[in-house]
């Protein structure tokens, strides 16, 4: 879920992030986006910071390696995620901007949430004030309500 309302999308990123490709420090260009620092990784993908080459807007780029998607069930799950996220248009849900597919990768370009993962934020802060917990809970409920009202199922 997105919670970017107080974030400047053009602010600099933390210096602790690593380049997306340590062996090749050159940035890679995909479509209208330059892929930068690696923000995280999952089973099939890496998530990197991206910059739109025309507007300089920061985005998140999820890079799915096709070679890691071996089972039909996993491919169907990824296709469903892409299809559903395209239909989400709500301030508390990360917005998908575009998809770029190459012979080796699928690039999912989405809204960049500068505050990172909610779980990591809670762990880092150890404790949230009641006011902040209520604000976050309200955002989660609003996003879920939108999904249910529009009869959209997420994975």
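Numbering (my numbering), first residue to last: 4 to 158. Backbone N, C-alpha and C fix where the C-beta goes; we use that ideal spot for every residue, glycine too. All values reported here derive from a predicted model rather than from experimental measurement.
Legend entry - Through-space distance from residue 154 to residue 41, alpha-carbon basis: For the purposes of this step, residue 41 is taken as the residue at position 38 of the chain shown. For the purposes of this step, residue 154 is taken as the residue at position 151 of the chain shown. Those two C-alpha atoms are separated by around 34 Å.
Inset, instruction - For my contact list, residue 32 and residue 50 are in at a C-beta cut-off of 8 Å; report their separation, rounded to the angstrom. - result: Along the chain shown, read from residue 1 onward, the residue named residue 32 stands at position 29. Along the chain shown, read from residue 1 onward, the residue named residue 50 stands at position 47. The beta-carbon distance between residue 32 and residue 50, rounded to whole angstroms, is 17 Å. This is too long to meet the 8 Å contact definition.
Legend entry - Residues that DSSP places opposite residue 114 in a beta bridge: Working through the chain shown from its first residue, we reach residue 114 at position 111. In the DSSP output, where bridge partners are listed per residue, residue 114 has 62.
Legend entry - Residue span of the beta strand (DSSP E) that contains residue 50, given as start and end: In the chain shown, residue 50 corresponds to position 47, counting from 1. Its beta strand (DSSP E) spans residues 48-55.
Inset, instruction - Could you pull out every unbroken beta strand (DSSP E) segment of at least 3 residues lying fully inside the region 73-122, listed in chain order? - result: 99-104 and 108-114
Inset, instruction - With DSSP collapsed to three states, give me the class of residue 127. - result: By 1-based counting over the chain shown, the position of residue 127 is 124. In this structure, residue 127 counts as helix in the three-state DSSP scheme.
Legend entry - Extent of the continuous alpha helix (DSSP H) run through residue 152: On the chain shown, residue 152 is found 149 positions in, with the first residue counted as 1. From DSSP, the alpha helix (DSSP H) with residue 152 extends over 133-152.
Legend entry - Selection from 57, 46, 48 and 47 that minimises the alpha carbon distance to residue 37: By 1-based counting over the chain shown, the position of residue 37 is 34. Cα-wise, what sits closest to residue 37 is 57.
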